[in-house]
Amino acid sequence: MLDARYVREHSDAVRAALADRASSWDLDAFIGIDEERRDLIAKVEKLQARRNEASRLVGQMMKEPRTEAAGALKNEVRSINEELSALQALLDTIEADARDMLLTVPNLPHESVPVGRDENDNPEVRRWGTPRVFDFEPKAHWDIGPDLGIIDFERAVKLAQSRFVLMGGLGARLERSVINMMLDTHTARGYKEWWPPILANAETLTGTGQLPKFEDDLFKTQSDPPLYLVPTAEVVLTNIHRDETVDASLLPLRYTAFTPCFREEAGAAGRDTRGMIRVHQFDKVELVKFATPETSLDELESMLTDACHILELLELPYRVIELCTGDLGFGAAKTYDVEVWLPSYDGYKEISSCSDCWDFQARRASIRYRDPAGFKGGRFVHTLNGSGLAVGRTVAAILENFQNADGSVTVPEALRPYMGVDVIE
RNA sequence: GGAGGGGUGGCAGAGCGGUUGAAUGCGGCGGUCUUGAAAACCGCUGGCCCGCAAGGGCUCGUGGGUUCGAAUCCCACCCCCUCCGCCA
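The numbering used here numbers the first residue of the first sequence as 13 and each following residue consecutively.
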């Protein structure tokens, strides 16, 4: 969410940012509503001030007592209240309209973000590792897994639907090993581990920006009020501090959690239909930070490093790209994507996305910090989130990059303590 | 699920129809004193919104209602605590 005052006082900057993002958000409509809203507030408050004064006078008169004069004033207040309730109803709808609009405006890209139209304009930042050259025909993970008897896509469909995964034996163990290795690595590097609910309420999903605009992407329960299956642990980790003011001395806060993630993938029909790259339920270890405005960009860089560190431990080649303005997610001010080398795609595939949301989520979720030495009152924190990493895609990358000619898969060194075996065969 | 109790400022805790946006204590900030600190003493000290400002409005779990006027009365809902039941 953007600050309404900022939007009206810097409308040119906002207009330019929306254009860079190719957003169709109606800035002029908002400015009109906002102006109407402020006029109405002035009117309503003037009437309220008169009503409050008159009521106070009535109190005095009743004591003296001057009941006749009090009666006349009572009538005045009654008529003010009638006028007021009509104005108030109007103001309520206008304020709701303004807020609804504000909840659907995307974040402003940071000034350092390259301007571009879509994913083709995302500059590559760096590469690590060299994609392996196979001296045999490498298989895709959707063949390796079933051939080894460790992934069963067909029975997953029977149990649930297409785009679900069933793993067994060393496949299940590989999934769990990757999760544990990621969590152990991040907690050793200063992240606090959490174990959050994976059903969350509408306020929580609104705080991070999934609602109201992206409800179609979410699984929703039929309870009243409804709950939503979290699409990422970012949602719950960030909302831990919703409606709170944290002490500046505690910042930056670095959190991590493993959760299953649930996505409808409503608009993805036909994309990545094979294997476990795009599924309705997948595991992810998430990184979330709360930082001051002064350090948030540095924290983004170090979060990116932390995500890449996992791939380096697993010896998986990757590259980092920066998202251009046109490809930036709704709540992000700046985003790096980490892409892992996948032989089956003969290319790099997203495995982590690290974003600095600036104060966009903090304003929605009302997450402030206090710095008695620096300033009076509270300021919004900056929130950041990144995958560290997507577990299913990591497993797929391991299977494909570490496969052998005989169909077996060598376990990366870093996972052997967790797996208990050197080779999956 | 049943019965009872309760939700007030950073915390504890008064108020129970009008000058209470809220006593008091703790905490926090500033000052006096002190070589420094502690103690003591003095002063200040919730949030949000509109406004250039002066000022004004809203806010005592949430939403409605009664009243000229509600933290205070009524209704509904939410949450917390205790006991009982059920349960992994």
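Here a beta-carbon is modelled for each residue, glycine too, at the ideal position from N, C-alpha and C.
Limits of the alpha helix (DSSP H) - the one that P158 falls within: H153 to L160
Limits of the alpha helix (DSSP H) - the one that D196 falls within: L182 to A200
N- and C-terminal bounds of the alpha helix (DSSP H) containing K394: Strictly speaking, residue 394 in this sequence is His, with Lys absent from that position. It is not in any alpha helix (DSSP H) - H394 instead sits in the beta strand (DSSP E) that spans H394 to A402.
Can you determine whether any heavy atom of the ligand COA sits closer than 7 Å to the C-beta of L326, and answer yes or no? Ligands are entirely absent from the displayed structure, and the ligand COA is therefore not among its contents.
Between the alpha carbons of R144 and E205, how many angstroms are there, rounded? 34 Å
Output needed for W370: all residues of its chain with C-beta closer than 6 Å, excluding positions within five of it in sequence on either side, in chain order. A345 and H394
So the beta strand (DSSP E) P272 belongs to, where does it begin and stop? L265 to F274
Can you grab the Cα-Cα spacing for the pair V350 / F176, in whole Å? 24 Å
Is I363 closer than 8 Å to R391 when the C-beta atoms are compared? In this structure, the beta-carbon distance from R391 to I363 does not fall below 8 Å.
Which one of D155, G183 and I289 has the shortest CA to CA distance from W353? I289
Can you tell which of D383, W140, R188 and S314 has its C-alpha closest to the C-alpha of I162? Ranking D383, W140, R188 and S314 by CA distance to the CA of I162 puts R188 first.
Which of the three DSSP states is assigned to F372 in this structure? helix
Contacting residues, own chain, Cβ-Cβ under 7 Å from L249 (five flanking each side not counted): Within the same chain, L249 has close Cβ partners W206, P208, Y267, A269, E298 and V300.
Under a three-way DSSP split, which group does M179 fall into? Here M179 sits in strand by DSSP.
What did DSSP end up calling F441 once you bin it into helix, strand or coil? It is not possible to answer for residue 441, since the shown part of the chain is limited to 13 through 437.
What would DSSP say about I289, mapped onto helix, strand or coil? coil
Cut-off 8 Å between Cβ atoms - residues of its own chain near A184, not counting five sequence neighbours on either side: For A184, where only same-chain residues beyond five positions count, the Cβ hits under 8 Å are I162.
By a C-beta neighbour count over all protein chains shown, 10 Å radius and 16 as the cutoff for buried, is Y18 buried or exposed? exposed
What did DSSP end up calling C366 once you bin it into helix, strand or coil? strand
For L59 versus L103, is the C-beta distance shorter than 8 Å? Not closer than 8 Å, so no.
I believe R382 touches T257 by the beta-carbon criterion, under 8 Å. Please report the beta-carbon distance rounded to the nearest angstrom. 5 Å
So what's Y360 in DSSP terms, helix, strand or just coil? Y360: strand per DSSP, three-state reduction.
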